[in-house]
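J.: In the numbering used here, the protein residues as written are -16 to 279.
Every residue gets a Cβ at the ideal spot worked out from N, C-alpha and C, and that includes glycine.
Sharing a structure here in structure tokens format.
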Amino acid sequence: MTRRQLQQFLAVLEHGSLARAAAATGTAAASLAQSLTALEREVGAELVHRLPHGTVPTGAGVAFAPHARATLRTLSADVVTDPAGGEHLHGDLDLVADPVLAVDPGAALLARFRRAHPDVRVRFDVPDDAAEVQHHLADGRAEVALTYLPLEAAPDGVHPRRAEVLSLGWQELHLVLPPGPQDLPDPVALERLGGRDVVDVPGSRWREVVRARLHGGTTGGAGWRVAVRTVHREAVVPLVLAGAGVAFTAGAACRWAEQQGAVVRRLDPPLRLEVGLVHHGAASPVVAALLRSAQP
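Here's what the structure looks like:
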């Protein structure tokens, strides 16, 4: 089992075709097919179904993919000592983040890590749906996740096994309102929002926390009108600034909204979520370095 075989197998999964995988890896299609067949013989199972117009992974292929990705990361990781005695970490870091956390604290965290380890290549995935974060961990596309805690099972039951967690602290949710005079106090109770137009972000962990508070009996079940529903989180604050409705934000987005003239209110009682880095089992050298960079 070689690095090249694993790379070609994963390329087949990604592109769904032997021909497209061959083009992506700079390999002749016949050579890639032979390499894949040899890998299947070594593994002892068919990894992909060859169809007339492409390929689909078998159950064995789906199960083998995380191991292939982990093996490639292990092969790429290395610590090189320079003539002056300093050590430099080489390798790949595959990080996935909850969409809300990608900018804050994700950007600062990765900048700090890259300054300390400039020879590590980083792939930073940010899926539209927060539930996809756990899928990235489960199938090995990501080695570590920046997400809200505690972990929750994805809708189809996917849940990272043997997860190790490093807490990075807490984020507090705020209410963002259009510029101008407002009739809501600071802090504002959620029941005061009944009947107001809200910019809604489906799939957001914050959305579910707010809805649970509203319908959990603590606020009498007060609701609001969904004026705009969007998965594009970067559009939320501009929509509020333009007067489309109010919205819930946290972290850097909240601070930026205030700088742009929006009115920001705290919530009473406060709503907070814990933020953390999550990975499987023992940390690789690259993930261990990220965890050290994340600590105060």
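Tell me where the beta strand (DSSP E) around glycine 259 begins and ends.
T.: 255 to 263 is the span of the beta strand (DSSP E), which, as asked, contains glycine 259.
J.: Exposed or buried, threonine 232, counting other C-beta atoms within 10 Å across all chains shown (16 or more means buried)?
T.: Threonine 232 counts as buried, since no fewer than 16 other beta carbons sit within 10 angstroms of its beta carbon.
J.: Taking all protein chains shown into account, decide if glycine 68 is buried (16 or more other Cβ within 10 angstroms of its Cβ) or exposed.
T.: Its pLDDT being 49, under 50, glycine 68 is placed unreliably in this model, and the coordinates cannot settle the point.
J.: Going by the beta-carbon positions, is the gap between valine 220 and proline 185 smaller than 8 Å?
T.: no
J.: Rounded to the nearest angstrom, what separates alanine 125 and alanine 218 at their Cα positions?
T.: 27 Å
J.: Counting only runs of 4+ residues fully inside the stretch 14 to 76, write out the alpha helix (DSSP H) ranges in chain order.
T.: 42 to 59
J.: With burial defined as no fewer than 16 other Cβ atoms inside 10 Å of the residue's Cβ, what is the status of glutamine -9: buried or exposed?
T.: Around the beta-carbon of glutamine -9, 16 or more other beta-carbon atoms lie within 10 Å, marking it buried.
J.: In angstroms, rounded to a whole number, what distance separates the CA positions of arginine 275 and glutamine 17?
T.: 43 Å
J.: Helix, strand or coil: which one does DSSP assign to glutamine 243?
T.: Here glutamine 243 carries a coil assignment [DSSP, helix/strand/coil].
J.: Determine whether the beta carbon atoms of valine 31 and proline 40 lie at a separation below 8 Å.
T.: yes
J.: Would you mind stating whether alanine 127 and histidine 36 have Cβ atoms separated by less than 8 Å?
T.: At residue 127 the sequence reads valine, which differs from the alanine that was named. No, the Cβ-Cβ distance between valine 127 and histidine 36 is not below 8 Å.
J.: Might you give, ordered along the chain, the residues of its own chain that have their beta carbon closer than 6 Å to the beta carbon of tryptophan 189, omitting 5 neighbours on each side?
T.: The answer, listed in chain order, is Leu156, Phe231.
J.: What separation, rounded to the nearest whole angstrom, lies between the Cα atoms of glycine 152 and alanine 6?
T.: 45 Å
J.: Applying the 10 Å Cβ sphere with the 16-neighbour rule, what's the burial state of aspartate 166?
T.: exposed
J.: Specify the secondary structure class of threonine 232 as computed by DSSP and reduced to three states.
T.: strand
J.: Let me know if alanine 111 comes out buried or exposed under the rule of 16 or more other beta-carbons within 10 Å of its beta-carbon.
T.: Looking at the sequence itself, residue 111 is aspartate, so the reference to alanine does not match. Answer is exposed; the Cβ neighbour count stays below 16.
J.: Could you round the C-beta distance between proline 162 and glycine 244 to whole angstroms and report it? I think they count as a contact, below 8 Å.
T.: Contact flag correct, Cβ pair sits at about 4 Å.
J.: In the DSSP assignment, the beta strand (DSSP E) including glutamine 154 goes from what residue to what residue?
T.: 146 to 160
J.: For valine 209, report the span of its beta strand (DSSP E) as first-last.
T.: 208 to 212
J.: Using DSSP with H/G/I as helix, E/B as strand and the rest coil, what is leucine 129?
T.: strand
J.: Please determine, among Pro164, Val159, Val148, Ala240, the residue with the shortest C-alpha to C-alpha distance to leucine 176.
T.: Val159
J.: Assuming leucine 78 contacts threonine 130 (C-beta within less than 8 Å), just tell me the rounded distance between them.
T.: Incorrect: roughly 11 Å between the Cβ atoms, too far for contact.
J.: Relative to the C-alpha of alanine 195, which candidate in Leu173, Arg216, Val182 has its C-alpha closest?
T.: Leu173
J.: Label threonine 10 either buried or exposed according to how many other C-beta atoms from any shown protein chain fall within 10 Å of its C-beta, with 16 as the threshold for buried.
T.: buried
J.: Short check: CB of valine 181 to CB of aspartate 251, under 8 Å?
T.: no
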